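J.: Have a look at this one.
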Amino acid sequence: MTFLDMLRDATTRNNSLLCVGLDPEPTRFPESVRGEAHKIYDFCAAIVDATADLVCAFKPQIAYFAAHRAEDQLERLMQHMRCNAPHVPVILDAKRGDIGSTAEQYAKEAFERYGADAVTLSPFMGFDSIEPYLAYHGKGAFLLCRTSNPGGDDLQAQRLASVEGQPLLYEHVARQAQGPWNKNGQLGLVVGATYPQEIERVRALAPTLPLLIPGVGAQGGDAAATVRAGLRAHGPIIVNSSRAVLYASGGADFAAAARNAAQATRAALNAARA
């Protein structure tokens, strides 16, 4: 199955638009293992097991593993998800963006070493920095478009005087991803939930692309506004929540609390699309 096939299947099977982000911070782990970086795999695997029937995707953030020399634990976690939640696609949140020859190595890392179904990328260096990922047929690639951080305005909200119509930079990225760059139907876009009007604008420019939407939960994005702005019959959305699910409890009941938080978020998203 391609990434898009897996996404459609998981969305339907689990009746869910929710993606759980796996951003392990040992200082926020349950009290019994707080600060123990060698427990990253155990913590994340417990979250996966508690929420696998509630999500349309998982999104491990590679920096949270690499910072603690835990890449081997990420490899184990990817294998755990393959064995215990094979119907749920995994998006490796790496935000890579480099020249073609280096991008080939990053693509190999994402799709061969870790076995991800999709990856997040920065499009700043242009199409030749994205193309090596598209050589992996059936895999997905989500391009940063309109991100949820306030500093995104510094570049993304600037006009391109050299492009017809003088679009904002994020609008140009959306058009390129929907059009000439999407040669094999593998591209999607990252659009932050904190800007629902921009989600709606991106959806108008890219009516069929999957949108990965972080920012619901701890970052304050509104679930209902996100669904209304981005979801279309032929335009799927993947709404990510990380900290609000992972750290719903600091006690021994952390996995059960994560499940409850995931259920509540899924219900809010589904209510908005009903």
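Numbers 329 to 602, taken from this note's numbering, label the letters of the sequence shown in order.
By construction, the Cβ of each residue, glycine as well, lies at the ideal position given by its N, Cα and C atoms.
Note that the structure is predicted; figures quoted are calculated from it, not measured.
Nearest by alpha-carbon distance to M334: which of I419, R356 and V544 is it?
T.: Put simply, of I419, R356 and V544 the residue whose alpha carbon is nearest the alpha carbon of M334 is I419.
J.: Under the DSSP definition of a beta bridge, which residues are partnered with D421?
T.: Partner residues in the beta bridge of D421, as assigned by DSSP, are Q389.
J.: With a threshold of 7 angstroms on Cβ separation, who are the neighbours of A589 within its own chain once the five nearest residues in sequence on each side are excluded?
T.: A572, V573 and A576
J.: Under 8 angstroms: do the stretch 516 to 527 and the stretch 471 to 491 share three or more Cβ pairs, one atom per stretch?
T.: yes
J.: Hey, out of E528, V567 and G578, whose CA is closest to F357's CA?
T.: Answer by Cα proximity: G578.
J.: Just to confirm my understanding: we take S344, look at its own chain, exclude 5 residues before and 5 after, and list those with CB closer than 8 angstroms. What are they?
T.: Same-chain partners within the cutoff: A338, L382, V383, C384, R594, L597 and N598.
J.: Throw me the rounded Cβ distance for the G479 and S457 pair, which I believe falls under 8 angstroms.
T.: No, G479 and S457 are not in contact; Cβ-Cβ is about 21 angstroms, not under 8 angstroms.
J.: Ordered along the chain, which non-local residues of its own chain (more than five positions away) have a Cβ less than 6 angstroms from that of E528?
T.: A557
J.: Within 10 angstroms of the Cβ of E526, are there 16 or more other Cβ atoms? Answer buried if so, exposed if not.
T.: Buried, because 16 or more other Cβ atoms sit within 10 Å of the Cβ of E526.
J.: Leaving out the 5 sequence neighbours to the left and right, which residues in its chain are closer than 7 angstroms to S569 when beta-carbon positions are compared?
T.: L346, V348, G349, V544, G545 and T593
J.: Which residues in the same chain as A413 place their Cβ atom closer than 7 angstroms to its Cβ, once the five residues preceding and following it in sequence are excluded?
T.: V376 and A380
J.: Could you work out which residue in A602, I566 and A585 is closest to F386 when comparing CA atoms only?
T.: I566
J.: Go ahead and label M329 buried or exposed: buried means 16 or more other beta carbons lie within 10 angstroms of its beta carbon, across all protein chains shown.
T.: exposed
J.: Using only CA atoms, which one of Y434, D426, D370 and D421 lies nearest to G454?
T.: The shortest Cα separation from G454 among Y434, D426, D370 and D421 belongs to D426.
J.: Let me make sure I understand the geometry here. Which of A398, P417, Y369 and M406 has the alpha-carbon closest to that of R341?
T.: Among A398, P417, Y369 and M406, the Cα nearest to that of R341 belongs to P417.
J.: Could you check how far apart the C-beta atoms of Y461 and R404 are, in whole angstroms? I think they sit under 8 angstroms.
T.: That belief does not hold up - the Cβ atoms of Y461 and R404 are roughly 24 angstroms apart, past 8 angstroms.
J.: Which word fits G363, buried or exposed, when buried means at least 16 other C-beta atoms lie within 10 angstroms of its C-beta?
T.: exposed
J.: How many Å lie between A534 and E499 at the Cα?
T.: Computed Cα separation, rounded: 9 angstroms.
J.: R410 to Q514, Cα distance in whole Å?
T.: 21 angstroms
J.: How far does the beta strand (DSSP E) with F470 in it extend, from its first residue to its last?
T.: Taken as a continuous stretch (DSSP letters only), the beta strand (DSSP E) holding F470 covers G468 to R474.
J.: Evaluate A602 with the Cβ neighbour count: other Cβ atoms within 10 Å of its Cβ, from every protein chain shown; 16 or more gives buried, anything less gives exposed.
T.: exposed
J.: In this structure, how does DSSP classify N568 when only helix, strand and coil are distinguished?
T.: strand
J.: Per DSSP, C617 forms a beta bridge with which residues?
T.: Nothing can be reported for residue 617, as the shown portion of the chain is limited to 329 through 602.
J.: Quick check: the Cα distance between V491 and Q504, rounded to an integer number of angstroms?
T.: 12 angstroms
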